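There are 2 protein chains.
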Amino acid sequence: MALQVVKTPADMLKLSKQWTRDGKSIGFVPTMGALHAGHVSLIERARKENDAVAVSIYVNPTQFGPGEDFSKYPRTFDEDRKLCEAAGADAIFAPDTLYGKDPRIFVDVGELGDVLCGMSRPGHFRGVATVVTKLLSIVRPDRAYFGKKDAQQLLVIEQLVKDLDLGCEIVPCPIVREPDGLAMSSRNRYLSPSERKQALCLQKALKYCETKVAAGERDAMKLMGEMAEILQKEPDVEMDYIALVDAHTLVDLKRLRGNVLVAIAAKVGSTRLIDNTSFKNLS
Amino acid sequence: MALQVVKTPADMLKLSKQWTRDGKSIGFVPTMGALHAGHVSLIERARKENDAVAVSIYVNPTQFGPGEDFSKYPRTFDEDRKLCEAAGADAIFAPDTLYGKDPRIFVDVGELGDVLCGMSRPGHFRGVATVVTKLLSIVRPDRAYFGKKDAQQLLVIEQLVKDLDLGCEIVPCPIVREPDGLAMSSRNRYLSPSERKQALCLQKALKYCETKVAAGERDAMKLMGEMAEILQKEPDVEMDYIALVDAHTLVDLKRLRGNVLVAIAAKVGSTRLIDNTSFKNLS
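Spelled out as structure tokens, the structure:
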């Protein structure tokens, strides 16, 4: 079946209902376009696990704050389309907009949206949760695929689907990295060659943390301080946060214990990057 | 087909997908049970307009405030079931609960939830919008039927479906009244015989307003004052509000113009009742 490009929510809902009528399970990969190998891995996994696969490409304005990169966010539809086709998608949902003239109702993510990335990006997760609710309502997938790179986003969406009974399985997928370890991101293309090298410090700090934790270190403040030093060595890197938190509640930990998320956000030049690692059942 | 009673969101979603696979359109009537002729009219209309009809019966805790009548709200499942069957429903969705242990994500209705009933019931419309989002996600109807008696609720839900792309048509249905004019409500059964008589003043005030508007009156304060006098004549009636507002924004009007909602809420004894009327294209 040729790849379809669907432009309106009504047409996408119609296609989804047709797939359901045909007895097909539906896999869904929501993206903002500017697709890279991370996205491709999600589409390929969706392809393996479902009868029909939809990819959405929509740069969602409500998850960008004032002064963020909404207008300059990369739009590369023609390349995205080829990648979707090669990865086996059946449909691209690429609406011009998902918002009416005067939207008044949003999804409130509560305290989950106030910590980590939410500290420096107020309203970001409200925008994410709202657009994901819309997309899941329109596409009505059996499974939706999200990368673990956006760890807080993944947590918010898992909670969202549970709390609003959105009726699909959220499938978390591994971070895909460049050969030198940099986590794939649509924003990596903003980096100058010098910034690109410096950006490796995020992964370096996380690797350092993994080594220390494997050796028995549990003191969060000590780890945070040492990771911060690694970032501070790079002249164009400005740390936003290093967080060692409970992987479910995102509450700061003094000592690492149980399921732990270690997340970093930093500006490399003017480009904000994130990366993370996690530990299970630490004692 | 015999009436099915479905107890879990997973089973209801399964049934809804089965209906869709069978090519059936789905009509949905969400209720809190304690069904009366108003609800029955919604079910009968859904029956006429759809291939499959689901009625939900769930007293939603998040739309009740502290001190409100959640615990004493009438639960009359056996009678409700008979009424659903007689009206031609295919399924009753009657979950024990729709909330997990620690819900963290809700639907925020913004300023629409702060006026009229929202003034004396803070959080009420947030609870309504959240549960309706859940129910629509689980039942996935083509059409959902709501009575106009809950005018603000209807407006919130119309906006909700638009703003979150919930993909169903909201069908507003006329208020059903007792022979003497009292709007049907599950809460009417709380009224003592004397309160029952006094409760007619809501309808009397609205009728008065209709007569005056037909005669050309447009001064909202004047109408409000005269309607309040009608309520004040009853010893056990305590006015909550009389609102003459824009039917779309719910903003107070000084002069009636365009589409106008006139809504009343009052306590009759300890029972809170609402009623309303509306005007189109007033000039």
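In order, the protein sequence lines correspond to chains P and U.
Heads up: the first sequence at position 52 corresponds to 52 in the working numbering, and the numbers run straight through without jumps.
Converting from the second sequence to the working numbering requires adding 1000 to each position, the first position being numbered 1.
The beta-carbon is built from N, C-alpha and C at its ideal position, and this holds for glycine as well.
All values derive from a computational prediction rather than experimental measurement.
Query	Result
Along the beta strand (DSSP E) that carries Tyr-1190 of chain U, what are the first and last residues, could you check?	It is not in any beta strand (DSSP E) - Tyr-1190 of chain U carries neither H nor E in the DSSP assignment.
Give me the chain U residues within the contact set of Val-107 of chain P, using Cβ-Cβ distance strictly less than 9 Å, ordered along the chain.	Ile-1105, Phe-1106, Val-1107, Asp-1108, Thr-1133, Leu-1164
Taking a Cβ distance cut-off of 7 Å, strictly less, list which residues of the segment 10 to 29 of chain P are near chain B, in chain order.	Given the protein chain composition of this structure (P and U), no chain B is represented.
Under a three-way DSSP split, which group does Asp-180 of chain P fall into?	coil
Rounded to a whole number of angstroms, what is the C-alpha to C-alpha distance between Gly-1258 of chain U and Thr-1008 of chain U?	44 Å
Per DSSP, Asn-276 of chain P is paired with what?	P:Ala-263
Name, please, each residue of chain U whose Cβ falls closer than 9 Å to the Cβ of Gln-152 of chain P.	Those do not exist, as Gln-152 of chain P stays about 13 Å from chain U at its closest Cβ, beyond 9 Å.
From which residue to which residue does the beta strand (DSSP E) around Ile-1105 of chain U run?	Element bounds for Ile-1105 of chain U: n/a, residue is neither H nor E.
Out of U:Arg-1189, U:Gln-1232, U:Ala-1215, state which residue places its alpha-carbon closest to the alpha-carbon of Leu-961 of chain U.	Since the displayed chain U opens at 1001 and closes at 1283, residue 961 of chain U lies outside it and no answer follows.
Are the C-beta atoms of Ser-1137 of chain U and some chain P residue less than 8 Å apart?	yes
My understanding is that Leu-1206 of chain U touches Val-1262 of chain U, with C-beta atoms under 8 Å, so please give their C-beta distance in whole angstroms.	6 Å
Measuring only the C-alpha atoms, how far is Pro-102 of chain P from Val-131 of chain P?	In the sequence on display, residue 102 of chain P carries Asp and not Pro. Rounded to whole angstroms, Asp-102 of chain P to Val-131 of chain P spans 15 Å at the Cα level.
Flag this pair as yes or no: are the beta carbons of Ala-1010 of chain U and Phe-1028 of chain U separated by less than 8 Å?	no
Among P:Phe-106, P:Thr-31, P:Leu-244, whose alpha-carbon lies nearest the alpha-carbon of Gly-225 of chain P?	P:Leu-244
Between the C-alpha atoms of Leu-1282 of chain U and Leu-1042 of chain U, what's the straight-line distance to the nearest angstrom?	29 Å
Taking all protein chains shown into account, decide if Ser-192 of chain P is buried (16 or more other Cβ within 10 angstroms of its Cβ) or exposed.	exposed
If we cut at 8 Å on Cβ distances, does Gln-1063 of chain U have a partner in chain P?	no
Tell me whether the beta-carbon of Ala-1265 of chain U lies closer than 8 Å to the beta-carbon of Arg-1272 of chain U.	yes
Is the shortest distance between the beta-carbon of Ala-1129 of chain U and the beta-carbons of chain P less than 8 Å?	yes
Please tell me whether Leu-112 of chain P has its Cβ less than 8 Å away from any Cβ of chain U.	yes
Quick one, are the C-beta atoms of Met-354 of chain P and Tyr-208 of chain P less than 8 Å apart?	One cannot answer for residue 354 of chain P here, as it falls past the ends of chain P, which runs 1 to 283.
Using a C-beta cutoff of 8 Å, does Gln-4 of chain P count as contacting chain U?	no
Please determine, among U:Gly-1038, U:Glu-1195, U:Gly-1167, U:Glu-1210, the residue with the shortest C-alpha to C-alpha distance to Cys-1084 of chain U.	U:Gly-1038
Would you tell me roughly how many angstroms separate the C-alpha atoms of His-1036 of chain U and Met-1184 of chain U, rounded to the nearest one?	7 Å
Can you pull the DSSP bridge partners for Pro-30 of chain P?	P:Ser-56
Hey, Gly-1127 of chain U and Val-1156 of chain U: beta-carbon distance below 8 Å or not?	no
Compare the C-alpha of Gly-1181 of chain U against each of U:Gln-1198, U:Leu-1166, U:Val-1171 and name the closest.	U:Gln-1198
Out of curiosity, what's the CA-to-CA distance linking Pro-30 of chain P and Leu-1200 of chain U?	53 Å
Relative to the alpha-carbon of Val-1176 of chain U, which residue among U:Lys-1149, U:Tyr-1099, U:Gly-1123 has its alpha-carbon at the smallest distance?	U:Lys-1149
Is the separation between the beta-carbon of Gln-1159 of chain U and that of Ile-138 of chain P shorter than 8 Å?	no
Determine the contact status of Arg-75 of chain P and Val-55 of chain P, defining contact as a CB-CB distance below 8 Å.	no
What does Leu-98 of chain P reach in chain U if we use C-beta pairs closer than 9 Å?	Asp-1165
At least one CB of chain U closer than 8 Å to the CB of Leu-206 of chain P: is that the case?	no
Chain P partners of Leu-1160 of chain U, CB-CB under 8 Å?	Ile-105
Taking C-alpha atoms, which residue in U:Asp-1069, U:Ala-1247, U:Ala-1144, U:Val-1107 lies nearest to Val-1053 of chain U?	U:Ala-1144
Run through the DSSP bridge pairs and tell me what Ile-1043 of chain U is partnered with.	Paired residues: none, contrary to the question.
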